[in-house]
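Trainee: Below you will find the structure I want to go over with you.
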Amino acid sequence: MSKPFLPELLVPAGSLEKLKVAVQYGANAVYLAGQQFGLRSAAENFTEDELREGIPYAHQHGVQTYVVLNGFLHDKDLETLPSFLKLLEELNVNAVIVSDLGVIETVKQFSTLPIHLSTQASCLNVESGKLWKTMGVKRLILGREASIAEAGKIKKETGLEVELFIHGSMCMAYSGNCVISNFTYGRDSNRGGCNHSCRFNYQVKYKDQSHSSFLFSSKDLMGLPLIEEFSKYEIDSIKVEGRMKSPLYAGTIAKVYSDALKEFEKKGTLSAEKIKHWVKELQKIPSRDFTEASLLHKADAQSVYTNHPTKNKKMKFGLAGEIIDVIENDSILVEVKSPIHGTDTLEILPFEGEPLAFKNFQVKDMMGNSIDYAKTSTVARLPYFPQAKVGQFIRKGASE
Amino acid sequence: MKLVSYLEKKSDLEIFKENEIKEVLISPLYLTRMGKSSLEDTHFLAKEAKKTGLKTVLVWDIVMTEEDFQEAVFYFKKIDLSYFDAIRVQDPGAIQWIQLNTKHPIQLILETGNRNILGIQKWISSVERLEKVIFSIELSKEMLLKTLSEISVPVEILVMGPILLFYSPRALLSFDKKSENLDPLRWIEAKADSEEGFHHDFKVIENKHGTFMFLPRELCLLDKIDELKQMNIESFRIDLRHQSTEKFLPQIKKLIENFNSKDWQDFKKNYPEKLIRGFYAANKSDILFKKLKNQNIQRVDKNYLGEVLEAKKGSYLVLKIKSKTLELKMGSHIKFKTTTGKEVVSKVTQLRNSRLELIDSASHGAIVIVNPVNAVTVKSAVYQH
Ligand code: SF4
Chain L
645 MSKPFLPELL VPAGSLEKLK VAVQYGANAV YLAGQQFGLR SAAENFTEDE LREGIPYAHQ
705 HGVQTYVVLN GFLHDKDLET LPSFLKLLEE LNVNAVIVSD LGVIETVKQF STLPIHLSTQ
765 ASCLNVESGK LWKTMGVKRL ILGREASIAE AGKIKKETGL EVELFIHGSM CMAYSGNCVI
825 SNFTYGRDSN RGGCNHSCRF NYQVKYKDQS HSSFLFSSKD LMGLPLIEEF SKYEIDSIKV
885 EGRMKSPLYA GTIAKVYSDA LKEFEKKGTL SAEKIKHWVK ELQKIPSRDF TEASLLHKAD
945 AQSVYTNHPT KNKKMKFGLA GEIIDVIEND SILVEVKSPI HGTDTLEILP FEGEPLAFKN
1005 FQVKDMMGNS IDYAKTSTVA RLPYFPQAKV GQFIRKGASE
Chain A
52 MKLVSYLEKK SDLEIFKENE IKEVLISPLY LTRMGKSSLE DTHFLAKEAK KTGLKTVLVW
112 DIVMTEEDFQ EAVFYFKKID LSYFDAIRVQ DPGAIQWIQL NTKHPIQLIL ETGNRNILGI
172 QKWISSVERL EKVIFSIELS KEMLLKTLSE ISVPVEILVM GPILLFYSPR ALLSFDKKSE
232 NLDPLRWIEA KADSEEGFHH DFKVIENKHG TFMFLPRELC LLDKIDELKQ MNIESFRIDL
292 RHQSTEKFLP QIKKLIENFN SKDWQDFKKN YPEKLIRGFY AANKSDILFK KLKNQNIQRV
352 DKNYLGEVLE AKKGSYLVLK IKSKTLELKM GSHIKFKTTT GKEVVSKVTQ LRNSRLELID
412 SASHGAIVIV NPVNAVTVKS AVYQH
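First to last, the protein sequences are chains L and A.
Heads up, my numbering is the position in the first sequence plus 644, with the first residue counted as 1.
Heads up, my numbering is the position in the second sequence plus 51, with the first residue counted as 1.
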């Protein structure tokens, strides 16, 4: 059996902490932003010092790094871009993600960094890809409206690498074609200021009817069952959305997709049973329900999220803490993110493989004194497990 | 300066002529976002407009997946281009195709993104037979002036018309229908309100190309028209597709020719929508972002040692050493910077490792316990002092 084509798993790194989580949990590549230039301006983003730590860390683990410069930048933004590019080159960043021709020109003029065209540019067809190729782009990050088959065709006919979103929140609008926030809140959605107006509940009146609905709100994309399709069409990179989401999100999604890709690499196929298991794992993270959106066919009514967001807030699993030290044959130290009681059912989320569940344990404080429960923002001592490793998450919830 | 508008029905031609419209935009159903014209109507309107002496422009402004693109090209090939003087495009795929497959001049829509001169210049130098560029309504006066001074191609801006907020390919008003049951000729209009965002009376239109949402206020730069006339802008676009051309075009033309406050007040009073100048005065839509970040927890690496993980009042602090080069030493002075920006200096009088053993120093990755320090909270940054 010849080895199947394996896409790169590209995971968001909204902060240095999330970058390390994504790397440890199996990402092949991460995308991140500096303090300026990228969308998601509210995300923690990386200071220069954090870039200097995070990028070599990823490279040491064999993980590619892509830095986003994908806001629709204004002239004054471009003035400070060259010095940032110099820093990125010095750090051997693998590519920059750009949506604007002015930024592409600046990148070409001041660096030799490979350019990936951001999804913000809404490149969705072969001819568009060919035009962007003449502008010096190496990879097309296609809009979420493109199907896997269309992406395969674009790759074949342009000779460029293609990247497609496989998981995460979706814009209901074509990327770059929504300015609701700009005109209602004075915040530029194309420079990270989107306030998610599309997710509000709307009272819609037409003809003589009126109804209340979330009709502008999209379910979250989830393409795990389609990994074989991504491979068949040789999609170079499958991307997870969510630089602003929690570290648990980054870790869980990276782990589940990475496990699935490894299994696919080994077996050349994914069984329905395994897919069901992984989807169940993905459902443990808060989502707005899942849709394949346009990955196979054009997204239709099924892709609209009709539940009220608060109805779905109740997570099956939340983050209880992160393992920060393992003291052999003694205890594990956990940075507590939500209260831990000895009666809770906890799960250690390993970097690979099945979670390790445990309950009915003694909770101790940092000094080793027994306590009723560990509060948020403290350090707790929990029982030792040989499988536990620094950086792993501990989830809390009821196993199904 | 010339006036440009959308031609949807023959009866508008007379009004256009009387009111100095020189160029008309014709919108075929299969190529244009708000297009309503069948192939037959497209030809008819273009022919009639030409007879009236107007310049005719074919609009192809939809965003297209590969499948949509093939359908659009199939349709495009049926159009008799001899009726048209130019083609207006936005999707780079359409730009590329028009360059290779027609000889027509191209009008390039730069409404999405394109907020910097370098990018605009690159588009201008890259597109063959470029006749005009259409600027975004988000450019401020300052940006307009600066950009106009650096480019040589004619420019068009919208001076009066609806503001498109949102363009989705999905059929959002036909939420109860499967895609195969959707009528390609449908045109559904609705109004949407949301209490959550104080969004009221958003106009929503669904057609073959998806769903479009408009601001309940329209863009109007008529009271700035004298200023705009000085700017060397080739075309002013007037979009009355949601209003009565007959009623408002003469008033608009009068204001453009000779702006005076009485006519202006009358116009504002009569016009059914509220009018705004958008970002013309200034575009500060990125200003808020800086405030969204907590400057206090941003790391400054000089002397940075690590972070406080727990602050147990009167008992101890738990620290994580993050520096790769510096060590935390027993007896040394350290500075804490709290999340509120407060700085506290203290001496390390007690230092233990995670096994609770007393130690002299700790390095990268270590979790340590030190003596408590008043006012220091979790997430405070720790520096060598
Ligand atoms: S409001 Fe919705 S559609 Fe618009 S940019 Fe934000 S997420 Fe996308």
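Glycine included, each C-beta is placed from N, C-alpha and C at the ideal position.
Source: prediction; values computed, not measured.
Express the C-alpha separation of L:Gly1041 and L:Leu926 in angstroms, rounding to a whole number.
Mentor: The residue you call residue 926 of chain L lines up with position 282 of the first sequence. The residue you call residue 1041 of chain L lines up with position 397 of the first sequence. Their Cα atoms are separated by approximately 14 Å.
Trainee: Which residues in the same chain have their Cβ closer than 7 Å to the Cβ of L:Glu979, if we skip the five residues on either side of it in sequence?
Mentor: As a first step, residue 979 of chain L must be located in the first sequence, where it is residue number 335. Answer for L:Glu979: Gly965, Glu966, Ile968 and Val1023, listed in chain order.
Trainee: In its own chain, which residues sit with a C-beta less than 7 Å from the C-beta of A:Val427, not counting the 5 before and 5 after it?
Mentor: The residue labelled residue 427 of chain A in the question sits at position 376 within the second sequence. Only Val359, Ala362, Leu368, Phe387, Thr389 and Val395 meet the Cβ criterion.
Trainee: Excluding five sequence neighbours on each side, which residues of the same chain lie with their C-beta closer than 7 Å to the C-beta of L:Leu729?
Mentor: One-based indexing of the first sequence puts residue 729 of chain L at position 85. So the list reads Val751, Phe754, Ser755 and Leu757, once near-sequence residues are dropped.
Trainee: Could you list the residues in the segment 1013-1040 of chain L with a C-beta less than 7 Å from some C-beta on chain A, going in chain order?
Mentor: The residues in question are Ser1021, Thr1022 and Val1023.
Trainee: I'd like to know if L:Ile968 contacts chain A, where contact means its C-beta is closer than 8 Å to some C-beta of that chain.
Mentor: One-based indexing of the first sequence puts residue 968 of chain L at position 324. Output row for L:Ile968: interface = yes.
Trainee: What residue range is occupied by the uninterrupted beta strand (DSSP E) comprising L:Ala1001?
Mentor: The residue given as residue 1001 of chain L occupies position 357 in the first sequence. Looking at the DSSP string, the run of the beta strand (DSSP E) that includes L:Ala1001 is Leu1000 to Phe1002.
Trainee: Determine the direct distance from the alpha carbon of L:Ala671 to that of L:Leu654, and round the result to whole angstroms.
Mentor: Mapped onto the first sequence, residue 654 of chain L falls at position 10. Mapped onto the first sequence, residue 671 of chain L falls at position 27. Approximately 6 Å between the Cα atoms of the pair.
Trainee: Identify every residue that forms a DSSP beta bridge with A:Lys398.
Mentor: Here residue 398 of chain A refers to the residue found at position 347 when the second sequence is read from its first residue. A:His384, per the DSSP bridge assignment.
Trainee: Tell whether a beta-carbon distance below 8 Å holds between L:Leu808 and L:Leu775.
Mentor: Here residue 808 of chain L refers to the residue found at position 164 when the first sequence is read from its first residue. Here residue 775 of chain L refers to the residue found at position 131 when the first sequence is read from its first residue. For L:Leu808 and L:Leu775, no; Cβs fall outside 8 Å.
Trainee: Name, please, each residue of chain A whose Cβ falls closer than 9 Å to the Cβ of L:His718.
Mentor: Working through the first sequence from its first residue, we reach residue 718 of chain L at position 74. Correct list: Arg166, Asn167, Met194, Asn334 and Asp337.
Trainee: Just curious, the beta strand (DSSP E) that A:Pro267 is in, first and last residue?
Mentor: What you label residue 267 of chain A is simply residue 216 of the second sequence in a count that begins at 1. Segment Gly261 to Cys271, the beta strand (DSSP E) holding A:Pro267.
Trainee: Is it a yes or a no for the segment 271-289 of chain A touching the segment 874-894 of chain L, going by three-plus beta-carbon pairs under 8 Å?
Mentor: No, because fewer than three Cβ pairs between the segment 271-289 of chain A and the segment 874-894 of chain L fall closer than 8 Å, the two stretches do not touch.
Trainee: Figure out for me which residue from L:Ser791, L:Thr989 and L:Ala945 has the closest Cα to the Cα of L:Leu963.
Mentor: Your numbering for residue 963 of chain L matches position 319 in the first sequence. Answer by Cα proximity: L:Thr989.
Trainee: Should L:Tyr877 be flagged as near chain A, meaning a C-beta pair shorter than 8 Å?
Mentor: Here residue 877 of chain L is taken as the residue at index 233 of the first sequence, counted from 1. Cβ-Cβ to chain A under 8 Å: no for L:Tyr877.
Trainee: Between L:His678 and L:Val747, what straight-line distance do the alpha-carbon atoms span, to the nearest angstrom?
Mentor: Working through the first sequence from its first residue, we reach residue 678 of chain L at position 34. Working through the first sequence from its first residue, we reach residue 747 of chain L at position 103. Before going on, a small fix: residue 678 of chain L reads as Gly here, not His. Computed Cα separation, rounded: 15 Å.
Trainee: A:Ile72 and A:Leu96: beta carbons closer than 8 Å?
Mentor: To locate residue 72 of chain A, count along the second sequence from 1; it is residue 21. To locate residue 96 of chain A, count along the second sequence from 1; it is residue 45. No. Outside cutoff.
Trainee: Just to check, is the beta-carbon of A:Ile66 closer than 7 Å to a non-hydrogen atom of the ligand SF4?
Mentor: Residue numbering aside, residue 66 of chain A sits at position 15 when the second sequence is read from its first letter. It does not: the Cβ of A:Ile66 is nowhere closer than 7 Å to a heavy atom of the ligand SF4.
Trainee: Just to confirm, is the Cβ distance from A:Phe330 to A:Ile276 under 8 Å?
Mentor: Residue 330 of chain A sits at position 279 when you count from the first residue of the second sequence. Residue 276 of chain A sits at position 225 when you count from the first residue of the second sequence. Not closer than 8 Å, so no.
Trainee: Please compile the residues from chain L whose C-beta is within a distance smaller than 8 Å of the C-beta of A:Leu223.
Mentor: If you number the second sequence from 1, residue 223 of chain A lands on position 172. Ordered by position in chain L, the residues that pass the 8 Å Cβ test against A:Leu223 are Met816, Leu859, Phe860 and Val948.
Trainee: Closer than 6 Å by C-beta to L:Ala1018: which residues in its own chain qualify, once you throw out the five before and the five after it? Chain order, please.
Mentor: In the first sequence, residue 1018 of chain L corresponds to position 374, counting from 1. Here the set comprises Val980, Ile984, Val1007 and Ala1024.
Trainee: Over the uninterrupted beta strand (DSSP E) stretch that includes A:His293, give me the two end residues.
Mentor: Looking up residue 293 of chain A in the second sequence gives position 242. From DSSP, A:His293 is part of no beta strand (DSSP E); its letter is neither H nor E.
Trainee: Quick check: is the beta carbon of A:His250 nearer than 8 Å to any beta carbon in chain L?
Mentor: Sequence index remark: in the second sequence, residue 250 of chain A carries index 199 (1-based). Answer yes: the Cβ-Cβ gap between A:His250 and chain L drops below 8 Å somewhere.
Trainee: Measuring only the C-alpha atoms, how far is A:Ile130 from L:Asp880?
Mentor: Within the second sequence, numbered from 1, the residue matching residue 130 of chain A stands at position 79. Within the first sequence, numbered from 1, the residue matching residue 880 of chain L stands at position 236. Cα-Cα distance, rounded: 38 Å.
Trainee: Which residues share a DSSP beta bridge with L:Cys822?
Mentor: The residue given as residue 822 of chain L occupies position 178 in the first sequence. According to DSSP, L:Cys822 bridges with A:Phe217.
Trainee: Tell me, please, which residues DSSP counts as bridged to A:Asp92.
Mentor: Translated into positions along the second sequence, residue 92 of chain A becomes position 41. Looking at the DSSP assignment, A:Asp92 forms no beta bridge with any residue, so it has no partner.
Trainee: In chain order, what residues of the segment 87-120 of chain A put their CB closer than 8 Å to some CB of chain L?
Mentor: Correct list: Val114, Met115, Thr116, Glu117, Glu118, Asp119 and Phe120.
Trainee: Within the same chain, show all residues whose beta-carbon is closer than 8 Å to that of L:Ile1120, passing over the 5 residues directly before and after it, in chain order.
Mentor: Lying before the first or after the last residue shown, residue 1120 of chain L is absent from chain L, which here runs from 645 to 1044.
Trainee: Please list, in chain order, the residues of the segment 878-895 of chain L that have any C-beta partner in chain A closer than 9 Å.
Mentor: Flagged: no residues at all.
Trainee: Can you tell me whether A:Asp244 is helix, strand or coil according to DSSP?
Mentor: Taking the second sequence and counting its residues from 1, the one referred to as residue 244 of chain A is at position 193. Reduced to three states, the DSSP call for A:Asp244 is strand.
Trainee: Drop a sphere of 10 angstroms on the beta-carbon of A:Trp238, count the other beta-carbons inside from all chains shown, and report buried for 16 or more, exposed for fewer.
Mentor: Residue mapping note: residue 238 of chain A aligns to position 187 of the second sequence, counting from 1. With fewer than 16 other Cβ atoms within 10 Å, it is exposed.
Trainee: Using 7 Å as the cut-off, classify the Cβ of A:Phe217 as near or not near the heavy atoms of the ligand SF4, replying yes or no.
Mentor: Position 166 of the second sequence, counting from 1, holds the residue named residue 217 of chain A. A:Phe217 Cβ: within cutoff of the ligand SF4.
Trainee: Does the beta carbon of L:Ile785 fall short of 7 Å from some heavy atom of the ligand SF4?
Mentor: Numbered from its first residue, the first sequence carries residue 785 of chain L at position 141. Outside the cutoff, so no.
Trainee: State buried or exposed for A:Pro220, treating a residue as buried only when at least 16 other CB atoms are found within 10 Å of its CB.
Mentor: The count along the second sequence starts at 1 and reaches residue 220 of chain A at position 169. Buried, since its Cβ has 16 or more Cβ neighbours within 10 Å.
Trainee: Please classify L:His811 as buried or exposed, where buried requires at least 16 neighbouring CB atoms within 10 angstroms.
Mentor: The residue given as residue 811 of chain L occupies position 167 in the first sequence. Flag for L:His811 reads buried.
Trainee: Does the Cβ of L:Met866 lie closer than 7 Å to at least one heavy atom of the ligand SF4?
Mentor: Position 222 of the first sequence, counting from 1, holds the residue named residue 866 of chain L. No; taking the cut-off as 7 Å, the Cβ of L:Met866 has no heavy atom of the ligand SF4 nearer than that.
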